[in-house]
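**Student:** The sequence shown begins at 1065 in the numbering used here and counts up by one.
Questions regarding the structure given below will be posed in turn.
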Amino acid sequence: MFEPVSLYKCDSYDYDEVSGVLSKALSDIDGLSFVKPGMIVAIKANLVTGMAPEKAGTTHPQLIKRLCQMITDLGASVVIGDSPGGLYTPVFVKNIYRGCGLTSMVEDLEKELQAKGSKQTVSLNEDFSISDGTFDGKSLRSFIYTGWLDKVDAIINVSKLKSHAMMGMSCAVKNMFGTIPGATKPEYHMRFPEEMAFANVMVDLNEFFKPALYVVDAIDGMEGNGPTAGEKRHIGAILASKRPYALDMACADIINMGINDCQTLKAAYERNLGPKDISEINVVGDASILDIKVLDFKRATSHQSINFEGGGLFNKVKSVAIRTVFNTRPELKKDECIGCKKCFETCPAKAITMVPGKNALTDSESKASQIPQIDRSKCIKCFCCQEFCPKGAMKVHETNLAKVIHKINQGR
Ligand code: SF4
Ligand code: SF4
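In structure tokens form, the structure reads like this:
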């Protein structure tokens, strides 16, 4: 029923290894059969912030390089892009390209193509126009998106497997949020503060754009305080599929998560778009999920692993108790804060004010002259502040009891 998921072991970003593995992974599912000579294909990467590839927060350039070569060999040209968090302007985004290692990679590819006398091109997106979209989705009706995607013939979504504070996991489905212009992303958290409504925005974006192919960079993923401030975790796989939902279920299973840990999986299942569990997935390739599985992959938060379904007074009381135990929230690690105000500027609920670093907080060890203070009554727990803090100073706080339960849960 669901599109097969291709899963191959890949132990490093060594070009020869990535090249061989990606070719096999795509060949197994006939992944590039839609590419025709003369086409322009968009690679929608995960470039959430300008972090170096070895930090494992963004799609690795080596994977994108090989994919570009395979597409140009079929006679099509490629444009690579994303709308990171922050401004969607040429200066801002070009810095992100550079930071993610894409600028030099594309320059090398252009030289390669010129040397071959090829007519095809590979470029980084420089079109920062905005388009209006309408869609009869579950959450989305009218919205704006990055206009470069209107000028291509097909989209390939190339994501990174990471933990995510709000959604549980960031992978193929979540990667389409990068079609929303950076500065307007926080508005979506205000419009859809409830987790399932926000997850349905992600599913709507996938159904609106319908990428022709999805590839996941799971060679090195990010665990813990993801999607930008966690730690690199070696996983050792490349995955691909023509649809994102079974693919994300496979990725979730690899990092020891399931439908109750990841809201986008749940949203897709409730819309009959995705599987309920891993047993419904057809995995092809040279590896099984059990070969790759990372049982102790650290989550950003554990509260999604609890199922709140069910009526009746007992279930309601149980639900309130569970919510109290698993009440996650953003919390500042003062000694890591540099006072850059990014969280203050990003917060969609205007719940953050900047206060004097030393005087206002009695136990402050902050070196910054100003640090953020969160008004908990306004906070909608979107975790944008955590996602976009360049120093990882904003953490996901769990209660002590939740930490204990989380540890037991991961050891199961
Ligand atoms: S304080 Fe952080 S989590 Fe709370 S609303 Fe603002 S950005 Fe979202
Ligand atoms: S918490 Fe992070 S984003 Fe906010 S001011 Fe400190 S360093 Fe900047």
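Even for Gly, the Cβ is constructed at its ideal location relative to N, Cα and C.
I need the boundaries of the beta strand (DSSP E) containing serine 1234, first residue and last residue.
**Tutor:** Sequence index remark: in the sequence shown, residue 1234 carries index 170 (1-based). Run containing serine 1234: 1232-1234, per the beta strand (DSSP E) assignment.
**Student:** What do you get for tyrosine 1079, buried or exposed, if any count of 16 or more other CB atoms within 10 angstroms of its CB means buried?
**Tutor:** Looking up residue 1079 in the sequence shown gives position 15. Looking at its Cβ environment, which holds fewer than 16 other Cβ atoms inside 10 Å, tyrosine 1079 is exposed.
**Student:** Quick one: grab the DSSP three-state call for isoleucine 1402.
**Tutor:** Translated into positions along the sequence shown, residue 1402 becomes position 338. Note: isoleucine 1402 maps to coil in three-state DSSP.
**Student:** Thinking just about the alpha-carbon of each residue, which of Ala1316, Glu1271 and Lys1357 is nearest to the one in asparagine 1336?
**Tutor:** By one-based count along the sequence shown, residue 1336 stands at place 272. Per the Cα distances, Glu1271.
**Student:** Skipping 5 residues on each side, what residues in its chain have a beta carbon closer than 8 Å to that of histidine 1461?
**Tutor:** Looking up residue 1461 in the sequence shown gives position 397. Cβ within range, chain order: Thr1392, Arg1393, Pro1394 and Glu1395.
**Student:** Tell me where the beta strand (DSSP E) around lysine 1459 begins and ends.
**Tutor:** Along the sequence shown, read from residue 1 onward, the residue named residue 1459 stands at position 395. Start and end: 1458-1461.
**Student:** Is the distance from the Cβ of alanine 1316 to the Cβ of methionine 1233 below 8 Å?
**Tutor:** Sequence index remark: in the sequence shown, residue 1316 carries index 252 (1-based). Sequence index remark: in the sequence shown, residue 1233 carries index 169 (1-based). Going by C-beta atoms, alanine 1316 is nearer than 8 Å to methionine 1233.
**Student:** Do the CB positions of alanine 1229 and isoleucine 1093 come within less than 8 Å of each other?
**Tutor:** Position 165 of the sequence shown holds residue 1229. Position 29 of the sequence shown holds residue 1093. No, they are not a contact pair.
**Student:** Any heavy atom of ligand 1 closer than 7 Å to the beta-carbon of isoleucine 1444?
**Tutor:** The residue given as residue 1444 occupies position 380 in the sequence shown. Checking every heavy atom of ligand 1 against the Cβ of isoleucine 1444, one is found closer than 7 Å.
**Student:** Can you tell me whether glutamate 1190 is buried or exposed, with buried defined as 16 or more other CB within 10 angstroms of its CB?
**Tutor:** Within the sequence shown, residue 1190 is the residue found at index 126, counting from 1. When all chains shown are included, glutamate 1190 counts as exposed.
**Student:** State buried or exposed for alanine 1116, treating a residue as buried only when at least 16 other CB atoms are found within 10 Å of its CB.
**Tutor:** One-based indexing of the sequence shown puts residue 1116 at position 52. Burial call: exposed.
**Student:** Compare the C-alpha of serine 1441 against each of Ala1415, Cys1448, Ala1457 and Phe1452 and name the closest.
**Tutor:** In the sequence shown, residue 1441 corresponds to position 377, counting from 1. If we check each option's Cα against that of serine 1441, Ala1415 comes out closest.
**Student:** Please determine if the stretch 1140-1148 and the stretch 1240-1247 are in contact, where contact requires at least 3 C-beta pairs separated by less than 8 Å.
**Tutor:** The stretch 1140-1148, when compared against the stretch 1240-1247, does touch it at the 8 Å Cβ threshold.
**Student:** The alpha helix (DSSP H) with asparagine 1324 in it runs from where to where?
**Tutor:** Here residue 1324 refers to the residue found at position 260 when the sequence shown is read from its first residue. Counting along the chain, asparagine 1324 falls outside any alpha helix (DSSP H), and DSSP gives it neither H nor E.
**Student:** Would you tell me roughly how many angstroms separate the C-alpha atoms of alanine 1268 and aspartate 1360, rounded to the nearest one?
**Tutor:** Reading the sequence shown from its first residue, position 204 is the one you call residue 1268. Reading the sequence shown from its first residue, position 296 is the one you call residue 1360. A quick correction: the sequence has aspartate, not alanine, at residue 1268. Approximately 31 Å between the Cα atoms of the pair.
**Student:** Going along the chain, which residues of its own chain have a beta-carbon closer than 7 Å to the beta-carbon of alanine 1413, five neighbours each way excluded?
**Tutor:** Mapped onto the sequence shown, residue 1413 falls at position 349. Result list for alanine 1413: Met1254, Lys1442, Cys1443 and Ile1444, in chain order.
**Student:** With three or more C-beta pairs closer than 8 Å as the rule, is the stretch 1088-1105 touching the stretch 1209-1219?
**Tutor:** Contact holds: three or more Cβ-Cβ distances are below 8 Å.
**Student:** Closer than 6 Å by C-beta to glycine 1095: which residues in its own chain qualify, once you throw out the five before and the five after it? Chain order, please.
**Tutor:** Within the sequence shown, the letter at position 31 stands for residue 1095. Closer than 6 Å at the Cβ level, and outside the excluded window around glycine 1095, lie Leu1277 and Ala1304.
**Student:** Over the uninterrupted beta strand (DSSP E) stretch that includes isoleucine 1219, give me the two end residues.
**Tutor:** If you number the sequence shown from 1, residue 1219 lands on position 155. Here the beta strand (DSSP E) through isoleucine 1219 covers 1218-1228.
**Student:** Between which two residues does the beta strand (DSSP E) carrying arginine 1393 extend?
**Tutor:** Locating residue 1393 in the sequence shown gives position 329, counting from the first residue. Unbroken beta strand (DSSP E) run through arginine 1393: 1393-1396.
**Student:** Under a Cβ-count criterion, where at least 16 other Cβ atoms within 10 Å of its own Cβ denotes burial, should valine 1419 be classed as buried or exposed?
**Tutor:** Position 355 of the sequence shown, counting from 1, holds the residue named residue 1419. With fewer than 16 other Cβ atoms within 10 Å, it is exposed.
**Student:** Please name the residue in Ile1318, Ala1331 and Lys1183 whose C-alpha comes closest to that of serine 1203.
**Tutor:** Within the sequence shown, residue 1203 is the residue found at index 139, counting from 1. Ranking the options by Cα distance to serine 1203, first place goes to Ala1331.
**Student:** Here's the rule: buried if 16 or more other CB atoms are within 10 angstroms of the residue's CB, otherwise exposed. What is leucine 1111?
**Tutor:** Walking along the sequence shown from the start, residue 1111 turns up at place 47. Buried is the call here.
**Student:** Can you list, in chain order, the residues of its chain with a C-beta nearer than 7 Å to that of phenylalanine 1273? Leave out the 5 residues immediately preceding and following it.
**Tutor:** Counting from 1 along the sequence shown, the entry for residue 1273 is found at position 209. Leu1213, Ile1219, Met1240 and Thr1243, listed in sequence order.
**Student:** Considering just the uninterrupted stretch of the beta strand (DSSP E) at histidine 1298, what are its terminal residues?
**Tutor:** The count along the sequence shown starts at 1 and reaches residue 1298 at position 234. Counting along the chain, the beta strand (DSSP E) containing histidine 1298 begins and ends at 1295-1305.
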